[in-house]
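Our numbering puts the first residue of the sequence shown at 2, with every later residue one more than the last. Here's the structure, in structure tokens; my notes come after.
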Amino acid sequence: MAKIAWVTDSTAFLNNDLRNNPDLYQIPMTIIMDGKEFTDGVDLTPEELYASLKTLDTPPKTSQPSIGAFRDLYENLKKNYDCIIAVLVSAKLSGTVSSSEQAAQLVDIPVYSIDSKILSYPLTRLILKGMELEEAGLGVKDIISKLVTLRNTGETYVLIGSLEQLHRSGRMSGVQFFLGSMLNIKPIISVHDGELSVKEKARSERKAKDKIVNLLRSAHEKKTLKEVFILYGLHPEEAETWKKELQEEFTGIEFGCYSLGATIGVHAGENTLGISWLNGLE
């Protein structure tokens, strides 16, 4: 069996167990605020980011890891591994996959860069599934095939905490921002095929959440779900409250709450709340 090194970026949610996993490596994004560069998860926490957003003169930006950063990591990993599987943030939201692919051409070890078409914990769940398949003895090509199939079954729906931040970061048009702000509309943003789009609109957060629950209910009726991921910006208590509400109806589903992290917070805002699942997860 090939010994696999797993690589991801800092948009993925890693708990302590994953951070300490000897075969998983995380390469950080860069966050630029008023001309100063910060390394996501190293010298900038989500709490520090959200506090800074209120006083910035210019909109913050994010930057993908460089080709050189990936190359250096891959060069180091070839000493102890037979191949590398990099599961990375959606290629339609970041150039991270491209950086990894270009770095792969510069090193003497097989590197398989997978566009997760998502971010945050759903990305992490793909990695965990890949590790489960590796543990079960599957070969590299079969693992990749199954992860790509699973990736394509995902659904993600998000209530953006700050339309202004989404607009300033370039992720929302001026017209969409104006209409949402003036009419107090709460757009439900979906992540479909790796990019953001407006799934539905509601007149209040409560109605928007009810629409998302209807989408979850419909998916669960079509194929029984075992796991659902609640995603939040800065406030875990909001996610926990929603989790308790959902558990009352969906008693057979395991719900978990996961922080979106600083890189995503730049675009979405501290009050962001979302829900995600993988229909193909057995």
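Quick reminder that beta carbons are idealized off the backbone N, C-alpha and C, glycines included.
Partner residues in the beta bridge of I190, as assigned by DSSP, are V159, V199. Per DSSP, the unbroken alpha helix (DSSP H) holding Y51 starts and ends at 47-54.
Where I144 is concerned, the enclosing alpha helix (DSSP H) starts and stops at 141-152.
Straight across, the Cα-Cα distance linking A209 with P23 is about 41 Å.
A check of alpha carbon separations from V90 across E38, L107, D194 identifies D194 as the nearest.
Note on geometry: alpha-carbon atoms of I189 and T273 lie some 11 Å from one another. A check of alpha carbon separations from D73 across I28, Y259, E228 identifies I28 as the nearest.
Considered as a whole, the segment 68-123 harbours 84-89, 112-116 as its complete beta strand (DSSP E) runs of no fewer than 3 residues, in chain order.
Taking the C-beta atoms as reference points, G155 is found nearer than 8 Å to I119. For M132, the closest alpha carbon among the candidates G262, G275, K4 is that of K4. In this model, A13 and A269 are separated by some 15 Å (Cα to Cα). Assigned with DSSP and collapsed to three states, D18 falls in helix.
Beta-bridge partners assigned by DSSP to G257: F230. In this structure, the CA atom of G257 is about 21 Å from the CA atom of V88.
For D211, the three-state secondary structure derived from DSSP is helix. By DSSP's assignment, T40 forms a beta bridge with T31.
Excluding five sequence positions before and after K93, the CB atoms of its chain that fall closer than 8 Å to its own CB belong to K118, D194, G195, E196, given in chain order. Annotation: the continuous beta strand (DSSP E) that includes A6 extends over 5-10. Counting along the chain, T252 sits inside no beta strand (DSSP E), nor does DSSP assign it H or E at all. With a cutoff of 8 Å on beta-carbon distance, D41 and L57 are scored as not near each other. Put simply, the backbone Cα of L45 is about 8 Å away from that of A263.
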